Amino acid sequence: MANVLIIDDDPHIGDLLLALAKHLGHSGEKALTLKEGLALANEERFDIVFLDVVLPDGNGLDALPELQKLKNSPEVVIITGKGDSKGAELAINSGAWDYISKPASAEQYLLHMQRVLQYRTEKQASRPKLGHHNIVGRSKATTRCLEQAAQAAESHVSVSILGETGTGKELFAKAIHDNSSRRNKPFIIVDCASIPENLVESILFGHKRGAFTSAEESHKGLIAKADGGTLFLDEVGELPLSLQKSFLRVLQEHTFRPVGDHKEIKSDFRLVTATNLDLEALVQTGRFRQDLLYRIQTFTIQLPPLRQRKEDIPELTKYFFNKLSADLNTSPISVSKEFLAALDVYAWPGNIRELFNVLEQVFTTNTEAGEFLPIHLPVRVRIAAAQHSVLPKTENKPVLTVIQNKKFTQKQILNKDTNIPAYQVPIKNNFPLLKDYREQALEQAEKLYLESLFLHCKGNISQAAQVSGLSNSRIYALLKKYKIKKTFFSN
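Written as structure tokens, this is what we have:
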């Protein structure tokens with residue numbers, strides 16, 4: 001039996017959907033406000049959420065990221081009385097299962113409910129498991145990435161792993177290989193950022209003896225070595241533009257020609273790539289081929305930065321300290337709550353790699369400690385903890401208020417002392433309805449926030465996603481909705 005949640009300020013819609021759920025043998029609850037609905041959803045006992053867009057206390061689409069972070073991953077169906085093509089596109093890009101325009105018949109609601117329950121049941125029954133030994137964490141974000149990696153391992157398509165430096169892209173690539181049908185064949189790593197441009201072609205394709213001045217012996221390229229296994233291109237965004245066309249042909253034909261050779265060689269490899277760069281931005285600037293981008297991003301996994309999965313820090317800390325104890329044949333040292341609290345408030349710009357470096361420094365320089373305390377941490381981490389402890393405990397307040405028909409310069413928007421006047425209702429003969437007023441205000445707030453965000457990030461999509469907590473697809477959808485050109489902010 002499934003559990004259905006309806007978040008809609010129209011009680012008749014809620015009653016109808018609850019009756020349909022009961023008719024199908026399921027249970028459900030309804031909420032008339034977004035706040036009440038999110039409180040219920042956070043109990044993590046619902047399989048489906050029917051979510052209205054225009055609610056008394058907010059926009060339903062803005063709640064999608066919070067619903068997607070829930071460990072039980074409910075399917076979300078958007079229902080709205082103001083249906084339009086842009087709204088539908090925004091909803092799907094934001095992770096909704098489907099989009100229904102009101103008014104809809106009972107038969108339409110029933111069909112959607114049946115379809116989404118069927119999909120959820122099949123998805124849970126067929127969810128693959130990933131065997132992994134070095135990927136640590138049970139957070140929602142980590143679990144989602146592990147499930148995606150498990151799906152990728154069962155397929156034969158090219159996989160693109162995106163994420164900041166130090167988020168574990170190579171670990172995920174190796175896990176995909178180790179869980180695939182190619183596990184007993186080579187896993188070949190190519191660090192595109194460290195290979196000199198004049199040697200890339202030779203290293204990838206190989207060369208014949210005498211192909212160039214220093215080619216005293218024939219050399220087997222990495223693509224040939226990956227035959228039957230996996231070719232992992234790390235930092236693929238650094239692949240020289242001059243080589244991208246040749247590599248695209250290799251992906252299409254799985255044949256290549258070593259430098260100085262006239263004979264074609266076949267290599268049956270599975271491609272996995274990784275990058276911390278915004279490849280779509282590189283395409284726009286002419287530094288990466290769009291056709292190659294389409295080829296390598298058949299299946300994409302976006303790894304979260306450590307600051308978005310801090311609930312994994314205690315487990316990561318325990319894992320790494322235990323590993324160090326085993327490697328150095330020493331007794332484990334306990335960790336205080338204050339030590340973990342200090343780790344939690346630090347931003348970790350270097351992600352897991354930086355965390356492990358800090359823990360290794362602590363472990364190797366405090367071998368006589370009976371328990372690790374904040375005093376054992378590097379100064380930068382202790383400073384962050386001290387600063388956090390003296391911050392005033394204030395209620396959450398909106399970052400931006402909005403004003404109609406006013407432009408702000410970059411300096412004004414980024415200046416913390418700028419006092420942006422409160423939103424003013426346009427002068428009309430008839431005072432606007434509350435729903436119309438709220439929707440207009442929210443749209444203006446979103447637009448101003450996006451403009452401020454891209455001024456701050458200088459038009460960089462990846463950085464904007466990290467700062468705002470939005471996904472790349474959500475940002476692109478909002479840019480399209482408000483007709484904002486990110487290139488305007490990149491100068």
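Sequential numbering from 1 applies to the sequence shown in full-length UniProt numbering.
Think of the CB as a built atom: it goes at the ideal place given N, C-alpha and C, for glycine as much as any other residue.
Bear in mind that the values here come from a model prediction, so they are computed numbers and not experimental data.
For K416, which residues from the same chain have a beta carbon less than 6 Å from its beta carbon, with the 5 sequence-adjacent residues on both sides left out?
Low confidence applies to K416: its pLDDT is 39, below 50, so where it sits in the model is not reliable, and the reading given next is rough at best. None.
- Could you check if N179 is buried or exposed, using at least 16 other CB atoms within 10 Å of its CB as the buried criterion? buried
Checklist entry - Nearest-angstrom Cα distance between I7 and H26? => result 17 Å
To which residues of the same chain is F247 closer than 6 Å at the C-beta, ignoring the five residues directly before and after it?
none
* Which one of E354, L61, R45, F46 has the shortest CA to CA distance from D52? -> L61
Would you tell me roughly how many angstroms separate the C-alpha atoms of G286 and V200, rounded to the nearest one?
-> 20 Å
Could you check whether L18 and L34 sit closer than 8 Å to each other, using their CB atoms as the reference points? no
**Message:** Quick check on Q302: does DSSP put it in helix, strand or coil?
**Reply:** strand
Going by the DSSP bridge assignment, what does G206 pair with across the sheet?
K220
Do you know how far the Cα of R249 is from the Cα of A341?
51 Å
Review point. Hey, how far is the Cα of E354 from the Cα of E164?
Key: 12 Å
query = Where does Y99 sit, in a helix, a strand or coil, going by DSSP?
reply = strand
Problem set entry | Cα-Cα separation between N72 and E44, rounded to whole angstroms | 6 Å
Could you round the C-beta distance between L67 and A31 to whole angstroms and report it? I think they count as a contact, below 8 Å. Not a contact, Cβ separation roughly 13 Å.
Through-space distance from E36 to K428, alpha-carbon basis: Bear in mind that a pLDDT of 49 at K428, under 50, signals an unreliable position, so the number given afterwards is only what the model happens to contain. Rounded to whole angstroms, K428 to E36 spans 33 Å at the Cα level.
| said: What does DSSP give as the partner residue(s) for E75 in the beta ladder? | reply: I48
| Among G14, N322, T275, V345, which has the Cα closest to the Cα of R309? | V345
Open item on the list: If the criterion is Cβ atoms closer than 8 Å, does the pair E371 and S331 meet it?
Closed with: no
*asked:* Less than 7 Å between C-beta atoms, sequence neighbours within five positions excluded: which residues of the same chain meet that for H12?
replied: none
- Please classify L373: does DSSP put it in a helix, a strand, or coil? coil
Q) By Cβ distance below 6 Å, which residues in the same chain neighbour D253 in space, the five residues on each side in sequence not counted? A) The residue you asked about is not Asp; residue 253 is Glu in the sequence shown. For E253, where only same-chain residues beyond five positions count, there are no Cβ hits under 6 Å.
### Stretch pair the segment 257-271 + the segment 192-208: three plus CB contacts closer than 8 Å
yes
S73 CB to nearest heavy atom of the ligand ATP below 7 Å:
Because no ligand of any kind appears in the structure shown, any question about the ligand ATP cannot be addressed here.
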